[in-house]
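Structure first, commentary second.
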Amino acid sequence: MLRFTNFLGSIPSSISHLKTLSYVDLVKCRFSGSIPSTFANLTELRHVDLSYNFLSGSLSSTLFHSLSELVALDLSCNQLEGPIPDSLFHLQSLEFLLLSENMFNGIFQLDKIQNLVNLTELDLSSNNKVKVEVGNTNSSVCALTMLEVLRLHSCNMNEFPGFIKYCDLVELDLSNNRIVGEIPGWIWGRRLQRLDLSSNLLTGVQKPYRIPTYLQFMYLHSNELGGELHLPIPSNVGNRTSELSVLSLASNNFTGKIPNSLKSCESLVVLNVGNNKINDIFPCMLSSSLRVLFYIPTDSMENFDGEIPNAIGDLNSLHVLNFSHNALNGGIPELFGKMSKLESLDLSMNLLSGSIPREFAELTFLSFLNLSYNKLNGEIPNGRQLQTFSVDSFKGNSGLCGFPLNITCTGTSTNGSDQSPSENENEEDKEIEWEYVSAALGYVVALGSIGWLLLFCRSFREKYFDIIDEFVEDMFDCGCKRRRTRRATISRV
């Protein structure tokens, strides 16, 4: 094992002299060049991990012919190109095959993998020049009974692989492809924990369906799913409640209200329903475990209305809340002060009125705040936190005064002018009015541009929600956790 040793240059062909070598781990060693053909002489190899290097060139069709003992092969995150060799799919001992984030090209017939009867994990993701064709994978007999993890992100697919219905998958990633039509009812399986079908052309969900209790991460954003939002989540199985932790449904055509079935999701941590056609009041049924809530509409027909209920204080695990550009009215509840872990709060572009609760000054973790363009009034509460934000966090509320605004709460300017209060007020009113108009125009242009891009530019929409996904994954450290779990599993092999 020589991982992280920062070797330079090519892997020496003399490695073939180690005839009894069974384990090769050269992760992140900065090797470049092609994989030496002499690898084919290492007939005892069981584990090969060359991921996160700068390996290039194509894989010889004879490279793997004699490696009949190979159990795990990880060539991900390199610069390998050319076709994926057929010889890989004659290695019937192979359990882990990870080829993601390379430059492979050509057409790959997915039915080839059915020869790998012991295959547990397959990852061909992010080979943008490969076109994966499903082929004859709808047979009633499927040999892939051991398959648990299938990742085919960004593989230019246009249909679901039919063999999935015969597998008992734990993770399925078919995101950023061109799959059209309905999500088949058999996709959910029994043990599925992570499902990513985002950034496709999906239009509906085949019924009847039921979200499995074990599902933790579900990404369906950036599709064309429509109709009333319906989530058949089992309330409990025995003494178990739903394990759903992350639910991303943004940038679809869902209508109606946030479903009450979410109250069964006591583990829900992230909810993203932005850019839909949902018209609802604040979803009070959400679990107190929620940490991130996105609800960002793109036009005036897609918004939450009504008052923010006091129940908001029950979401005391919330880290991020974005309800900007809605039609929320009434006051900001004082019980926001109970949300002691809140780091980012955006309530801008609503119809909120009244004063800013003094409890806001106690939100010591708050690093981003935007209350702009509402109808708030009164003095901005003094405290260690609120005075650290810029004027932009409060502008567009003509009744607000106090630092950091250049408006004192007696109606005089803080610039030391000798003008009378009435003259000062008149000039400030004019200044604020013009500032409001220009800033509002800027917001409208910016919002319109973002809305237009989200609605009509698929690449921008995919990148936008990929950023959100990355934020979520970073929060949970899921990517690293999955990778660590994967490598630990392979290492045990």
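Residues are numbered in the numbering used here as their position in the sequence shown, beginning at 1, plus a constant of 267.
All C-beta atoms in this analysis are idealised placements derived from N, C-alpha and C, irrespective of residue type, glycine included.
Computed from a predicted model, the values in this text were never measured in an experiment.
Exercise. Kindly list the residues whose CB is nearer than 6 Å to the CB of H327, restricted to its own chain and excluding five residues on each side of it in sequence; keep chain order.
Key: On the sequence shown, position 60 is the one that residue 327 refers to. What sits at residue 327 in the sequence shown is Ser, not His. Excluding sequence neighbours, S327 sits near S304.
Exercise. Mind checking which residues open and close the beta strand (DSSP E) that includes H332?
Key: Your numbering for residue 332 matches position 65 in the sequence shown. Unbroken run through H332: none, as it is neither H nor E.
Self-check item: Contacting residues, own chain, Cβ-Cβ under 6 Å from F484 (five flanking each side not counted)
Solution: Here residue 484 corresponds to residue number 217 of the sequence shown, with the count starting at 1. Around F484, the same chain offers R461 and V513 as residues with beta carbons nearer than 6 Å, after the five sequence neighbours per side are excluded.
Self-check item: Cα-Cα separation between G494 and T470, rounded to whole angstroms
Solution: Within the sequence shown, residue 494 is the residue found at index 227, counting from 1. Within the sequence shown, residue 470 is the residue found at index 203, counting from 1. Those two C-alpha atoms are separated by around 10 Å.
Practice problem: Whole angstroms is fine: what's the gap from Y486's alpha carbon to V338's? | Solution: Here residue 486 corresponds to residue number 219 of the sequence shown, with the count starting at 1. Here residue 338 corresponds to residue number 71 of the sequence shown, with the count starting at 1. Distance between the alpha carbons of Y486 and V338: 31 Å.
Quiz item: Where does Y562 sit, in a helix, a strand or coil, going by DSSP?
Solution: Position 295 of the sequence shown holds residue 562. Y562: coil per DSSP, three-state reduction.
Quiz item: How about the stretch 655-668 and the stretch 636-645: do they share at least three Cβ pairs that are nearer than 8 Å?
Solution: Using a Cβ-Cβ distance cut-off of 8 Å, the stretch 655-668 and the stretch 636-645 are in contact, since at least three pairs of beta carbons, one from each stretch, lie closer than that value.
Quiz item: Which term fits Q381, buried or exposed, when burial requires 16 or more other beta carbons within 10 angstroms of its beta carbon?
Solution: For the purposes of this step, residue 381 is taken as residue 114 along the sequence shown, with counting starting at 1. Residue burial annotation: Q381 is buried, with at least 16 other C-beta atoms found within 10 angstroms of its C-beta.
Quiz item: Hey, how far is the Cα of L588 from the Cα of N596?
Solution: Taking the sequence shown and counting its residues from 1, the one referred to as residue 588 is at position 321. Taking the sequence shown and counting its residues from 1, the one referred to as residue 596 is at position 329. So the alpha carbons of these two residues sit roughly 16 Å apart.
Quiz prompt | Selected residue, minimal CA-CA separation from I647, among Y640, T631, F632 and I674 | solution = Against the sequence shown, residue 647 aligns to sequence position 380. When each option's Cα is compared against that of I647, the closest is I674.
Quiz prompt | As assigned by DSSP and simplified to three states, the class of S835 | solution = Outside the shown range of the chain (268 to 760) lies residue 835, about which nothing can therefore be said.
Quiz item: Relative to the C-alpha of P350, which residue among G373, H357, S280 and L361 is closest?
Solution: Here the question's residue 350 lines up with position 83 in the sequence shown. Considering only alpha carbons, the answer is G373.
Quiz item: Using the beta-carbon count (16 or more within 10 Å), is T677 buried or exposed?
Solution: Sequence index remark: in the sequence shown, residue 677 carries index 410 (1-based). The residue is exposed, with fewer than 16 neighbouring Cβ atoms inside 10 Å.
Self-check item: Alpha-carbon spacing of V393 relative to M616, whole angstroms
Solution: In the sequence shown, the residue the question calls residue 393 occupies position 126. In the sequence shown, the residue the question calls residue 616 occupies position 349. Before going further, note that residue 393 is Ser rather than Val in the sequence given. Near 38 Å, if we compare the C-alpha coordinates of M616 and S393.
Practice problem: Could you check the C-alpha separation between L285 and L436 for me, to the nearest Å? | Solution: Here residue 285 is taken as the residue at index 18 of the sequence shown, counted from 1. Here residue 436 is taken as the residue at index 169 of the sequence shown, counted from 1. The alpha-carbon of L285 is positioned some 37 Å away from that of L436.
Quiz item: What three-state label does DSSP hand I431 in the structure shown?
Solution: Here residue 431 refers to the residue found at position 164 when the sequence shown is read from its first residue. In the structure shown, I431 sits in a helix (DSSP, three-state: H, G or I).
Practice problem: Please report the residue range of the beta strand (DSSP E) in which H314 lies. | Solution: Your numbering for residue 314 matches position 47 in the sequence shown. DSSP places H314 inside the beta strand (DSSP E), whose first and last residues are H314 to D316.
Quiz item: Exposed or buried, what is L482 when buried is set at 16 or more other beta-carbons lying within 10 Å of its beta-carbon?
Solution: Taking the first residue of the sequence shown as 1, we reach residue 482 at position 215. Result: buried.
Exercise. Could you tell me how far apart the beta carbons of T272 and C296 are, in whole angstroms, since I believe they sit closer than 8 Å?
Key: Within the sequence shown, the letter at position 5 stands for residue 272. Within the sequence shown, the letter at position 29 stands for residue 296. The beta-carbon separation of T272 and C296, rounded to 5 Å, stays under the 8 Å limit for a contact.
Quiz item: Identify the residues that DSSP records as bridge partners of L389: which are they?
Solution: Taking the first residue of the sequence shown as position 1, residue 389 is located at position 122. In the DSSP assignment, L389 is bridged to L364 and L417.
Quiz item: Is the distance from the Cβ of V399 to the Cβ of C422 below 8 Å?
Solution: In the sequence shown, residue 399 corresponds to position 132, counting from 1. In the sequence shown, residue 422 corresponds to position 155, counting from 1. Contact flag set, yes.
Quiz item: When the Cα atoms are used, what is the spatial distance from D696 to G621?
Solution: Along the sequence shown, one-based indexing puts residue 696 at 429. Along the sequence shown, one-based indexing puts residue 621 at 354. With a pLDDT of only 46 at D696, under 50, the local geometry of the prediction cannot be trusted, and no value is derived from it.
Quiz item: Name the DSSP bridge partner or partners of M485?
Solution: Here residue 485 refers to the residue found at position 218 when the sequence shown is read from its first residue. DSSP output for M485 lists L462 and L514 as bridge partner(s).
Quiz item: Grouping DSSP H, G and I as helix and E and B as strand, with all else coil, what is S304?
Solution: To locate residue 304, count along the sequence shown from 1; it is residue 37. Helix.
Quiz prompt | Secondary structure of Q473, DSSP reduced to three states | solution = Here residue 473 refers to the residue found at position 206 when the sequence shown is read from its first residue. Under the three-state reduction of DSSP, Q473 is assigned to coil, being neither helix nor strand.
Quiz prompt | For E348, the residue or residues it bridges with in DSSP | solution = If you number the sequence shown from 1, residue 348 lands on position 81. Looking at the DSSP output, E348 shares a beta bridge with S325 and M370.
Quiz prompt | Proximal residues to G604 (C-beta, below 6 Å), its chain only, five neighbours per side dropped | solution = For this step, residue 604 is matched to residue 337 along the sequence shown. These residues qualify, in order along the chain: E626 and E629.
Practice problem: Please determine, among E533, E415 and K544, the residue with the shortest C-alpha to C-alpha distance to L496. | Solution: As a first step, residue 496 must be located in the sequence shown, where it is residue number 229. Of the residues E533, E415 and K544, the one whose Cα lies closest to the Cα of L496 is K544.
Quiz prompt | Own chain partners of N369 with C-beta closer than 6 Å, once the 5 adjacent residues on each side are dropped | solution = For the purposes of this step, residue 369 is taken as the residue at position 102 of the sequence shown. Excluding sequence neighbours, N369 sits near N345, L347 and N394.
Quiz item: Considering only C-alpha positions, which residue in the set L361, L614 and H420 is nearest to G598?
Solution: Against the sequence shown, residue 598 aligns to sequence position 331. Relative to the Cα of G598, the nearest Cα in the group L361, L614 and H420 belongs to L614.
Exercise. Kindly give me the distance between the Cβ atoms of F561 and A594, rounded to whole angstroms, as I take these residues to be in contact under 8 Å.
Key: As a first step, residue 561 must be located in the sequence shown, where it is residue number 294. As a first step, residue 594 must be located in the sequence shown, where it is residue number 327. About 17 Å separates the beta carbon of F561 from that of A594, a gap too long to meet the 8 Å contact definition.
Quiz item: With a CB to CB cut of under 6 Å and the five nearest residues on each side skipped, what residues in its chain are close to P600?
Solution: Residue numbering aside, residue 600 sits at position 333 when the sequence shown is read from its first letter. Cβ within range, chain order: I575, N577 and I579.
Quiz item: Could you give the uninterrupted runs of the beta strand (DSSP E) lying entirely in the stretch 565-624, keeping only those of 3 residues or more?
Solution: DSSP assignment within the stretch 565-624 yields the following whole beta strand (DSSP E) runs of 3 residues or more, N-terminal first: 572-574, 587-589, 594-597, 611-613 and 618-621.
Practice problem: For F571, count neighbouring C-beta atoms within 10 Å of its own C-beta (all shown protein chains included) and say buried if the count is 16 or more, exposed if not. | Solution: For this step, residue 571 is matched to residue 304 along the sequence shown. Buried is the call here.
Exercise. Verify whether the separation of the beta carbon atoms of R313 and S281 is less than 8 Å.
Key: As a position in the sequence shown, residue 313 is number 46, starting the count at 1. As a position in the sequence shown, residue 281 is number 14, starting the count at 1. Contact: no.
Practice problem: Check each candidate in N519, V540 and C551 and name the one with the smallest Cα separation from S531. | Solution: Position 264 of the sequence shown, counted from the first residue, corresponds to residue 531. Of N519, V540 and C551, the smallest CA-CA separation from S531 is found for C551.
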